[in-house]
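Quick note, in my numbering, the sequence shown goes up one by one and the last residue is 400. The C-beta atom is built at its ideal place from N, Cα and C for all residues, glycine as well. Keep in mind that this is a model prediction, so the values were computed, not measured. A quick write-up on the structure given underneath.
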Amino acid sequence: MLGIGGSNTAEWITEQSLLASSTGKPWGAGLMAWVLEVSLDPLRQVLEHGPSFICVSFGDPGPAAALAHQAGALVGMQVGNAAELDRALQSDIDVVICRGSEGGGHGRNEVSTLPLLQLALRSTGKPVVAAGGIATAQGVAAVLGAGASAAWIGTRFAAATESMSHGNIKQAIGSAGIDDTVYTRAFDIAQRIAWPVEYGGRALRNHFSDTWAGNIEGLRRHVREGDELTESIERARVVADPDNAPVYAGQSAGLSTTGHDAATIIAELAGFRGLLSRAAHRWDNS
Ligand SMILES: Cc1cc2nc3c(=O)[nH]c(=O)nc-3n(C[C@H](O)[C@H](O)[C@H](O)COP(=O)(O)O)c2cc1C
115 MLGIGGSNTA EWITEQSLLA SSTGKPWGAG LMAWVLEVSL DPLRQVLEHG PSFICVSFGD
175 PGPAAALAHQ AGALVGMQVG NAAELDRALQ SDIDVVICRG SEGGGHGRNE VSTLPLLQLA
235 LRSTGKPVVA AGGIATAQGV AAVLGAGASA AWIGTRFAAA TESMSHGNIK QAIGSAGIDD
295 TVYTRAFDIA QRIAWPVEYG GRALRNHFSD TWAGNIEGLR RHVREGDELT ESIERARVVA
355 DPDNAPVYAG QSAGLSTTGH DAATIIAELA GFRGLLSRAA HRWDNS
């Protein structure tokens, strides 16, 4: 999956799409509905390269879903509470991704993965994917055992060798514990990024979040009064200073390590098969 943010250029989308399609494997892209409300162009650009899957989250997926379907892609939507689940089920969505509040990056902080997954599985016959807090073969076994069609994993791969993040950032994720994250809008407010208020982000707790996450009004005032904070967080991003830059990661940062490539991680996650079969034998009544 390519994560296409609000500030990615057409050149970047083309370059990354070509890279993804050159693998000859199924690939897709995740886009933000609230960005596509302004213009569907980023979606049009990625669709030119024939992705098999488009995920539209964080707002009304309708117009984007229609365009993606016209281009022959399947469409998914990440949902973070019961109302969003209803919205996905009433929209033309092929795959529902239950994204719990444990997850890294932007989303809701309302319901965790398992309750959302259980609600979705009893509400629809469509494929349901579980996201948020899954990082090991045990986690994959848990959600597949419950009936999910797939596990959707972000944080664990954010620390992989192929991840384009700076080494400092990967190191910070790899050395964090499961209780070292914070859910906050502070980083977006400081960077003047207009995420809708219901979508904060889960990131590693650091000096910046310790200073501002509990004082959002003070932060807003500070940002209104001048550019100093916006510039300092931008500098922190450029030099990959994990104490002050946003390091988006979920609670499973505490289960993630650096120095492994994606293939090694996938091979380890595939251990879910043995776990499921052992569990089936253990709990078999007959
Ligand atoms: C560094 C990072 C960047 C992310 N970027 C995007 C994105 O661009 N679009 C999107 O829909 N989700 C994005 N996500 C969220 C993931 O799609 C997913 O919901 C989440 O990572 C799952 O939880 P986990 O982090 O516990 O594995 C991102 C997550 C992380 C950690």
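Q | Buried or exposed (CB count within 10 angstroms, at least 16 for buried), residue 267 | A | buried
Q) So, helix, strand or coil for residue 386, using DSSP? A) The answer is helix: DSSP assigns residue 386 an H, G or I state.
Q. Apart from the five residues on each side of it in sequence, which residues of its chain come closer than 7 Å, Cβ to Cβ, to residue 244?
A. 212, 227, 231, 257, 262, 265 and 266
Q) From residue 310 to residue 395, what does the alpha carbon distance come to, in whole angstroms? A) Those two C-alpha atoms are separated by around 47 Å.
Q: Taking only runs that begin and end inside the stretch 170-250, name each unbroken beta strand (DSSP E) of 3 or more residues, in chain order.
A: List check, beta strand (DSSP E) in window: 188-193, 209-213, 219-221 and 242-245.
Q. For residue 171, is the classification buried or exposed, using 16 other Cβ atoms within 10 angstroms of its Cβ as the cut-off for buried?
A. buried
Q) Does residue 264 come within less than 7 Å of chain D when only Cβ atoms are used? A) Among the chains in the structure shown there is no chain D, since it carries only a single protein chain.
Q.
Bridge partners for residue 313 per DSSP, in chain order?
A. Paired residues: none, contrary to the question.
Q | C-beta atoms of residue 179 and residue 206 nearer than 7 Å | A | yes
Q: Examine ligand 1 and report whether any of its heavy atoms sits within less than 6 Å of the Cβ of residue 202.
A: Residue 202 Cβ: outside cutoff for every heavy atom of ligand 1.
Q.
So for residue 300, helix, strand or coil by DSSP?
A. helix
Q. Candidates 312, 300, 167 and 331: which alpha carbon is nearest residue 319's?
A. Nearest option by C-alpha distance: 300.
Q.
What residue range does the alpha helix (DSSP H) around residue 141 cover?
A. That residue, residue 141, is in no alpha helix (DSSP H); it is neither H nor E in DSSP.
Q. Based on the DSSP secondary-structure assignment, which residues constitute the bridge partners of residue 116?
A. 143
Q. Helix, strand or coil for residue 123 per DSSP?
A. coil
Q. Comparing alpha-carbon positions, which option in 252, 122 and 361 lies nearest residue 393?
A. 252
(Q) Let me check one thing: in DSSP terms, what residues is residue 266 bridge-paired to? (A) 245
**Q.** Straight-line Cα distance separating residue 116 from residue 194
**A.** Straight-line Cα distance between these residues: approximately 20 Å.
Q.
Tell me which residue opens and which closes the alpha helix (DSSP H) that residue 346 is part of.
A. Per DSSP, residue 346 belongs to the alpha helix (DSSP H) from 342-352.
Q.
Let me check you understand the geometry: is the CB of residue 269 closer than 6 Å to at least one non-hydrogen atom of ligand 1?
A. yes
Q.
If the criterion is Cβ atoms closer than 7 Å, does the pair residue 64 and residue 357 meet it?
A. Lying before the first or after the last residue shown, residue 64 is absent from the chain, which here runs from 115 to 400.
Q. Is there contact between the stretch 155-170 and the stretch 195-202, where contact requires at least three CB pairs shorter than 8 Å?
A. no
**Q.** Simplified DSSP state of residue 372, which is helix, strand or coil
**A.** coil
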